[in-house]
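Here the structure comes first, spelled out in C-alpha cells, and everything after it is commentary.
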Amino acid sequence: MFEAETKRLHELVKAVLPELDGIVGWEQGFDALHATPVFVSREEDVHRLMWSPLCVHNLSGYLVKTPPFLPREEGRKVGICVKGCDSRSLVALEQEKFISREKLYIFGLPCEGTVDWRRVMKKIPLRGVSAVRREGTDLKVEDARGVHSLPWEESLARRCLRCAHPNPLVSDVLVRDPVEPRMKKEDVYGLVGELEQQSLEERLAFWSAQLDRCIRCYACRNACPLCVCQDRCIVETRDPKWLTQKMGTSEKFMFHMIHSVHLAGRCTECGECERVCPMEIPVTLMKEKLNQVTRELLDYEAGIDPEAVPPLLTFNPDEHQM
Amino acid sequence: MTEGNSVLAKAREIKIIGFLCNWCSYGGADTAGVCRFKQPTDLRIVRIPCTGRMDPLFAAKSLIYGIDGVLVSGCHPKDCHYAVGNLYARRRLEVLKHFLPFMGIDGRRFHYTWVSASEGQLWQKTVTEFSDRIHRLGPNPGLSRT
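So the protein lines, in turn, are chains A and B.
First residue of the first sequence? That's 4 in our numbering, and the numbers climb one at a time after it.
First residue of the second sequence? That's 21 in our numbering, and the numbers climb one at a time after it.
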C-alpha cells in the first residue's frame, strides 16, 4: 500500500541522510496490518522505512522523552517523519523550547487518515494478516482465510475522522501533495457537543463507568508527546503525593484529571493517548473539551504558531470577560 | 467500607474548602472576624501564598474526593502582592470552571473571586452566599453513588 509514497520517501531520505544523525520513521511491523517506529542511520537500512495509513504513531515524543533522539553534535540535524497531527506536536514542543527547529529535518507526510487496527479487527477477526491494501473506497485485508473487504471510512481512527490539519504545518520537504482537510476546524468538537447534550448526572455516570475501566498503566501518559515531566510526573511521585495505589474510581478519575488539566491549552489532539489505551477509554475526549474551552475563552489553538505562548502559561491584565 | 459507621451518611455536614491568598483574602477573612461579622461555619480555610500557587487540581481533587464546595479567593486583579499571580490564576480557574461540568461535576460547587484585606464585609457576603448555594445543592454526590 502506498508504494509510490514510500519510494519517494526513500529517495528523499537518501538525498539528505549524510547530513543527518539518523532519522526516525516507520517500518513494517509484525504483520501487514501493523507498522512500528524505526531509527535509521545507515543507507543500507533506508529501504526499511515506509509510509502508509498504517503509520499511526506520533514520533515527536522520541525527541523529548529519555533518551532524547537529538543530534550528537552542534550544527547537525536529525530527521523525523511527521503527519499533519504530529507536526502540531512539534510546533507545541518548539513553543515550549523543548526542541529547536534548526536541529530537525522534517519529512512531512500529508495524510488522508490512519487505519485503526482495532476497529478493523472488531469488524473482521483476522488471523495472520499477509497483505493490506486500499482499493477505491475499500480496505482489503488478506489473511489465512482469504481476502476481506471493509469500507475505508469504517477502518479509520476516530482522531482521523475529525481531522482538520492533515497537512504538516512545519516541514522541510513534503513526500506527497497536500490533501484536502476532512473537517473545518470549527466542526471538530462534535462528540464533545453530543456528550454535553446529556445531563450532569449522566455525564458523571458516563465518565465514572469509562474511567473505572482504567488499569492505570499510564500508556496514555507515556505515549503523549507533550507529557514531558518524565520521572517527575506527579502521578507517581510520593512527594508531592497526589495519588496512592488505592483501588477505586476516584484515583483513576483523578489521574485522568491530572493528565487532562496539565494538557489544557497545550494538547494538539494527536489522539495518541486514545490509540494506546488498552481499555479503549476515550481519553482524548477530555482534552478535546479543554481545547474547546481554551479556544472559546482565549481564542487559542495549540500547535499552530511556533511563536505563540500557550495561553495558560501567560496572562493578559486587560481581559475582563472572566 | 465507611469509616465511623455509627453516623448516618445523610447526616454528614456540608464541607467547603476555601483556598485564600495570604495577602488579601486571608486578611479579609481576618478582618471579618475582628469585626465580629457572623459567618457560616462550613468553611475550612487553606492559606496559600498567592492564588498563583493555586493548582486547579487542588479544586478538582477536593471535588472528586467528596468535598461539597471549593471557594478560591485572592487579591483583586492588578493588586496582586506578587504583581501577576492572580492573573495566571484567573485563566486557569476559569478554564477549570468550564471543564468540571463536562466531567459530570457541578460547576456551581466551584467559585473563585477576589476580596482584599480591608473588605471584611464583602468577605462575609461572599462566604455566606457561597455557603447558601452549597446548602441548596446539598452534599456532593461524588463518584461513589454512580
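Glycine residues also receive a C-beta, built at the ideal position from the N, C-alpha and C atoms.
Bear in mind the structure is a predicted one, so any value in this text is a computation, not a measurement.
>> Do residue 148(A) and residue 277(A) have their beta-carbon atoms positioned less than 9 Å apart in this structure?
In response: No, Cβ-Cβ distance for residue 277(A) and residue 148(A) is not below 9 Å.
> Just the Cα atoms here: how many angstroms apart are residue 33(B) and residue 169(A)?
Replying inline: Distance from the CA atom of residue 33(B) to the CA atom of residue 169(A), rounded to whole angstroms, is 53 Å.
> From residue 22(A) to residue 108(A), what distance separates their C-alpha atoms?
Replying inline: Distance between the alpha carbons of residue 22(A) and residue 108(A): 10 Å.
> Would the region 248–268 of chain A and the region 84–93 of chain B be scored as touching if the rule is three or more Cβ pairs under 8 Å?
Replying inline: Short answer: they touch.
>> Across the region 204–223 of chain A and the region 51–58 of chain A, are there enough close Cβ pairs to call them in contact, namely three or more that are closer than 8 Å?
In response: Using a C-beta cut-off of 8 Å, the region 204–223 of chain A makes no contact with the region 51–58 of chain A, since fewer than three inter-stretch Cβ pairs fall below that distance.
> Buried or exposed: which applies to residue 297(A), given that a residue is buried once 16 or more other Cβ atoms fall within 10 Å of its Cβ?
Replying inline: Residue 297(A) comes out buried.
> Where does residue 97(A) land, buried or exposed, given buried means 16+ other C-beta within 10 angstroms?
Replying inline: Sixteen is the threshold: when 16 or more other Cβ atoms of the shown chains lie within 10 Å of the Cβ of residue 97(A), as they do, the residue is buried.
> Would you call the region 65–72 of chain B and the region 100–119 of chain B in contact, with 3 or more CB pairs under 8 Å?
Replying inline: Under the three-pair Cβ rule at 8 Å, the region 65–72 of chain B counts as touching the region 100–119 of chain B.
> Does the beta-carbon of residue 33(A) have 16 or more other beta-carbons within 10 angstroms, so that it is buried, or is it exposed?
Replying inline: The residue is exposed, with fewer than 16 neighbouring Cβ atoms inside 10 Å.
>> Just to make sure I have the definition right: I need the residues of chain B whose C-beta is within less than 8 Å of the C-beta of residue 293(A). Which are they?
In response: Per Cβ cutoff of 8 Å: 115 and 119.
> Along chain B, which residues have their Cβ under 8 Å away from the Cβ of residue 206(A)?
Replying inline: Neighbours of residue 206(A) on chain B, chain order: 121, 122, 123 and 124.
> Do the region 305–321 of chain A and the region 56–65 of chain B meet, that is, are 3 or more Cβ pairs less than 8 Å apart?
Replying inline: Judged by Cβ distances under 8 Å, the region 305–321 of chain A makes no contact with the region 56–65 of chain B, as fewer than three pairs qualify.
>> For residue 284(A) and residue 248(A), what's the separation of their Cα atoms in angstroms?
In response: Distance between the alpha carbons of residue 284(A) and residue 248(A) is about 20 Å.
> Considering residue 38(A), what are the terminal residues of the beta strand (DSSP E) in which it resides?
Replying inline: Element bounds for residue 38(A): 38–43.
> Does residue 90(B) come within less than 9 Å of chain A when only Cβ atoms are used?
Replying inline: Interface annotation, residue 90(B): not in contact with chain A, CB-CB separation never under 9 Å.
> With burial defined as no fewer than 16 other Cβ atoms inside 10 Å of the residue's Cβ, what is the status of residue 140(A): buried or exposed?
Replying inline: Exposed is the call here.
>> If we define contact as Cβ-Cβ less than 9 Å, is residue 162(B) a contact residue for chain A?
In response: Under the Cβ criterion of 9 Å, residue 162(B) is counted among the residues facing chain A.
> Counting along the chain, where does the alpha helix (DSSP H) carrying residue 103(A) start and finish?
Replying inline: Going by DSSP, residue 103(A) is part of no alpha helix (DSSP H) at all; its letter is neither H nor E.
>> On the DSSP letters alone, give me the boundaries of the beta strand (DSSP E) that residue 63(B) sits inside.
In response: Start and end: 63–68.
> What are the start and end residues of the alpha helix (DSSP H) that includes residue 193(A)?
Replying inline: 193–199 is the extent of the alpha helix (DSSP H) around residue 193(A).
> Comparing the C-beta of residue 153(B) with each C-beta of chain A, is any distance below 9 Å?
Replying inline: Residue 153(B) does not count as touching chain A.
> Can you round the beta-carbon distance between residue 294(A) and residue 305(A) to whole angstroms, since I take them to be within the 8 Å contact cut?
Replying inline: In this structure residue 294(A) is in contact with residue 305(A), their Cβ atoms being roughly 7 Å apart against a cut-off of 8 Å.
>> In chain order, what are the residue ranges of uninterrupted beta strand (DSSP E) at least 3 long that sit wholly in the region 101–137 of chain B?
In response: Counting only runs of 3 or more residues that sit fully inside the region 101–137 of chain B, the beta strand (DSSP E) segments are 130–134, in chain order.
> With 16 as the cutoff for other CB atoms within 10 Å, does residue 71(A) come out buried or exposed?
Replying inline: With fewer than 16 Cβ atoms within 10 Å of its Cβ, residue 71(A) is classed as exposed.
> Along chain B, which residues have their Cβ under 7 Å away from the Cβ of residue 256(A)?
Replying inline: Here the neighbours are 84 and 163.
> Mind checking whether residue 120(B) and residue 80(B) have CB atoms under 9 Å apart?
Replying inline: Cβ atoms of residue 120(B) and residue 80(B): closer than 9 Å.
>> Give me the chain A residues within the contact set of residue 80(B), using Cβ-Cβ distance strictly less than 7 Å, ordered along the chain.
In response: Going along chain A in sequence order, the residues near residue 80(B) (Cβ under 7 Å) are 260 and 264.
>> Going by DSSP, what residue range makes up the beta strand (DSSP E) through residue 138(A)?
In response: Residue 138(A) -> beta strand (DSSP E) spans 134–138.
>> Starting from residue 276(A), trace the alpha helix (DSSP H) in both directions and tell me its first and last residue.
In response: For residue 276(A), the uninterrupted alpha helix (DSSP H) run begins and ends at 275–279, by DSSP.
> Who are the neighbours of residue 107(B) on chain A, taking C-beta pairs under 8 Å?
Replying inline: Result: 318, 319 and 320.
> Does the distance from the C-beta atom of residue 109(B) to that of residue 135(B) stay below 9 Å?
Replying inline: Result no, Cβ atoms of residue 109(B) and residue 135(B) do not sit closer than 9 Å.
> What in chain A is Cβ-close to residue 97(B), meaning under 8 Å?
Replying inline: Result: 320.
> Distance, Cα to Cα, residue 37(B) vs residue 316(A)?
Replying inline: Whole-angstrom Cα-Cα distance: 26 Å.
>> Under 9 Å, Cβ to Cβ, is there at least one residue of chain B near residue 120(A)?
In response: The beta-carbon of residue 120(A) is placed no less than 9 Å from the nearest beta-carbon of chain B.
>> I need the straight-line Cα distance from residue 133(A) to residue 51(A), nearest angstrom please.
In response: Their backbone Cα atoms lie some 17 Å apart in a straight line.
> chain A beta carbons: is any one of them nearer than 9 Å to that of residue 156(B)?
Replying inline: By this cut-off, residue 156(B) is not an interface position.
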